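Presented below is the structure to which this report refers.
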Amino acid sequence: MAIIINKKIYALVDCNNFFVSCERVFNPKLRQVPVVVLTNNDGCIIARSNEAKALGIKMAEPFFKCRDYLEANNVKIFSPNFRLYGDMSHRVMSELESFCSKVEVYSIDEAFLDLSEQHINDYHKWGQQLVDKVYKNIGIPVTVGIGANRTLAKIATEIAKHSPEMNGVLDLEGCHEKKIDEYLKKVEIQDIWGIGRKYAVKLRSLGFYSAYDLKNADIGWIRKKLTVMGQRIVMELNGKACRNIDDIRNTKKAIASTRSFGKYVTTKREIAEAVSLYVARAVEKLRRQKSRAESITLYIRTNPHKSGEQYYSNSGTAQLEYPSSFTPDFVKLALKILDNVYVPGKKYKKAGVFLTGIVPESVLQRKLFHKYDSDSVKINDNLMKCLDTINGAYGKRTLRLASEGFERRWYMKQNLLSKRFTSSWDELLVVGG
DNA sequence: TCTGGGGTCCTAGGACCC
DNA sequence: TCTGGGGTCCTAGGACCC
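Just so we're aligned: 279 in my numbering is position 279 of the first sequence, and the numbers increase by one with no gaps anywhere.
As structure tokens, this is what we get:
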């Protein structure tokens, strides 16, 4: 009797130079010219068009260091427009659903498609159709890599991106094993998904330079050096499927809101304003995923890049008596922590809050010996619902806590922002205007 | 003058229990 | 001076991802 084992097969769809591509959709003048997008606060470069890459502009390069060079080469520069990118991402992901019933959104610009149960005769052709359709309907160029697991699909995408003759598609499953090995030999160790800078240094010092080298490593030994994560990578390079993406990614286990300040901040009052805003944002995310949280961590720090000044960073965590999603509960705690970690006389550059101990909204666990007043929780829930509704309809921060401040001189820099073409009536694209 | 933000998973080690 | 063994839970810290 034959035992049929369902063979796994995955595709990774990766948007090319995603943030740049989003800007280009609404501004055709940006095509064929070098374009970069910066991080918040116009700090570093996070996205580069191919033309910008060809100029030797590096990923994560601080903007102030290369500004002159960019301007001299007439590179178009943008502050990040995350509303626009989020919206475009959503459109791409919806389009992918017409190609596969199991789409795992992995990041703003990537999704894995589990093709194991799809009936596809020719994967390569299927991939090409996908690339064409997404570009035609949304205007975003994508690359598709296909393999026996997510690691190999990722590798296929990387190879396809650097091989123009592949036209954006590589199907490793359609290759003989020898051919796959040939590809793996060309993939450098630090380009494998899950091998970062530290591990790459370690592995190279031990004689592993390519994905092919790692594929043939002793698995027990790798486990000791790189934990089970490393073990799984080696198994996947050998064709087994064992790395999973958390299916329930939309309910997060931790929620953060952190930002650098647009300028140095010294007073506790200004930091308190920023912290109030970050808390408000984090708790809003918490409510959006229908959860409550029990503890909050706050950290503040000075500029770690500034030599000659003592770097200062400190954090504190505080617990509520029961899980909450009521913003003022967390603001109160955060400001109390701030009293403990704030040291006068320092130039602060960044602050952040993390919410942890997250539980579903419905599970309001009553802790013994603690006062839990269900009536006031109901009132607070309604108050927050009202606030979220108004902010949803009239724009974020229409209603906010007075503690967030009004001047906000610490707010991040965004000097080169493009318009919110897709999310603001005032900023729709004007044709022929 | 100017260096992002938001996540995940894993392990070691301490606290605590019987 | 001697000073068990085994389990669980929690947290901090380190690695990684985009």
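All C-beta atoms in this analysis are idealised placements derived from N, C-alpha and C, irrespective of residue type, glycine included. Every value quoted in this text rests on a predicted model; they were computed, and no experiment measured them.
Under 8 Å Cβ to Cβ from residue i, same chain only, skipping five residues before and after it: list those, please.
i       : result
Ile-248 : For Ile-248, the pLDDT reaches just 49, beneath the cut-off of 50, and the residue's location in the model is therefore unreliable, leaving the point undetermined.
Val-359 : Ser-291, Arg-292, Ala-293, Glu-294, Pro-323, Gln-365
Glu-158 : Gly-145, Val-187, Asp-191
Asn-121 : none
Ile-57  : Pro-34, Val-36, Ile-45, Arg-48, Cys-66, Tyr-69, Leu-70, Val-75
Cys-100 : Ala-11, Leu-113, Asp-114, Leu-115, Gln-118
Gly-357 : Ala-293, Glu-294, Ser-295, Gln-319, Pro-323
Lys-367 : Confidence at Lys-367 is low in this model, with a pLDDT of 48, below 50, so its placement is unreliable and no value can be given for it.
Leu-338 : Lys-268, Ile-271, Ala-272, Val-275, Leu-298, Ile-300
Note down, in chain order, each residue of its chain lying with its Cβ closer than 6 Å to the Cβ of residue i, except the 5 sequence neighbours on either side.
i       : result
Ile-379 : none
Arg-150 : Tyr-10, Phe-112, Arg-243
Arg-435 : The structure shown does not extend to residue 435, since the chain spans only 1 to 433, so no value can be given for it.
Phe-369 : With a pLDDT of 46 at Phe-369, under the threshold of 50, the predicted position of this residue should be treated as unreliable, and no value is reported.
Trp-193 : Thr-151, Lys-154
Leu-12  : Phe-112, Gly-145, Ala-153, Lys-154, Thr-157
Tyr-312 : Thr-302, Lys-346
Pro-62  : Cys-44
Lys-419 : Glu-427
Gln-414 : Ser-79
Lys-185 : Ser-210, Tyr-212
Ala-200 : Ile-189, Gln-190
Thr-327 : Ala-280, Val-283
Lys-29  : none
Asp-14  : Glu-110, Thr-143, Thr-157
Let me check one thing: in DSSP terms, what residues is residue i bridge-paired to?
i       : result
Tyr-348 : Val-265, Thr-302
Cys-15  : Val-142
Lys-215 : Per DSSP, none; premise fails for Lys-215.
Leu-355 : Ile-255, Ile-296
Pro-360 : Ser-291
Val-105 : Ala-111
Leu-417 : Ser-79
Tyr-10  : Asp-114, Gly-147
Cys-44  : Pro-62
Ser-424 : DSSP lists no partner for Ser-424.
Ser-210 : Glu-188
Ser-276 : Ser-276 is not bridged to any residue.
Ser-260 : Lys-350
Apart from the five residues just before and just after residue i, which ones in its own chain have a Cβ nearer than 7 Å to its Cβ?
i       : result
Phe-421 : Phe-26, Leu-84, Glu-427, Leu-428, Leu-429
Val-103 : Met-93, Leu-96, Glu-97, Ala-111, Leu-113
Thr-398 : Ile-390, Asn-391
Asp-87  : Thr-422, Ser-423
Asn-137 : Glu-95
Asn-73  : Pro-34, Leu-55
Phe-208 : Ile-189, Leu-214, Ala-217
Asp-89  : Looking at the sequence shown, residue 89 is not Asp but Ser. Correct list, in chain order: Ile-108, Asp-109.
Lys-285 : Ile-255
Tyr-106 : Phe-112, Ile-245
Met-166 : Ala-160
Trp-126 : Ile-120
Just curious, the alpha helix (DSSP H) that residue i is in, first and last residue?
i       : result
Asn-149 : Note, Asn-149: premise wrong, no alpha helix (DSSP H); not H, not E.
Ala-334 : 327 to 341
Leu-383 : 374 to 394
Ala-52  : 50 to 54
What span of residues does the beta strand (DSSP E) with residue i cover, start to end?
i       : result
Asn-121 : Premise fails: Asn-121 is in no beta strand (DSSP E) and is neither H nor E.
Ser-324 : 313 to 324
Leu-38  : 35 to 38
Ser-110 : In the sequence under discussion, the amino acid at residue 110 is Glu, which differs from the Ser named in the question. Glu-110 -> beta strand (DSSP E) spans 110 to 114.
Can you find a heavy atom of the ligand SAM that lies under 8 Å from the Cβ of residue i?
i      : result
Glu-61 : Because no ligand of any kind appears in the structure shown, any question about the ligand SAM cannot be addressed here.
Original post:
For the stretch 208 to 227 against the stretch 251 to 260, are there 3 or more C-beta pairs whose distance is under 8 Å?
Top reply: The stretch 208 to 227 and the stretch 251 to 260 do not touch, with fewer than 3 CB-CB distances between them shorter than 8 Å.
Original post:
Are the stretch 262 to 272 and the stretch 306 to 325 touching by the rule of at least three beta carbon pairs closer than 8 Å?
Top reply: Short answer: they don't touch.
Subject >> 3 or more residues per run - each beta strand (DSSP E) lying fully within the stretch 148 to 205 >> reply: Qualifying beta strand (DSSP E) stretches, in chain order: 169 to 171.
Original post:
Contact between the stretch 43 to 57 and the stretch 381 to 390: three or more CB pairs below 8 Å?
Top reply: Touching, no.
Original post:
Does the stretch 270 to 290 come close enough to the stretch 393 to 409 to have 3 or more Cβ pairs within less than 8 Å?
Top reply: Judged by Cβ distances under 8 Å, the stretch 270 to 290 makes contact with the stretch 393 to 409, as three or more pairs qualify.
Original post:
Taking only runs of the beta strand (DSSP E) that begin and end inside the stretch 61 to 103, which ones reach a length of at least 3 residues, in chain order?
Top reply: Complete beta strand (DSSP E) runs here, min 3: 76 to 78.
Subject >> Cβ contact check for the stretch 274 to 284 and the stretch 329 to 338: 3 or more pairs under 8 Å >> reply: The stretch 274 to 284 vs the stretch 329 to 338: in contact.
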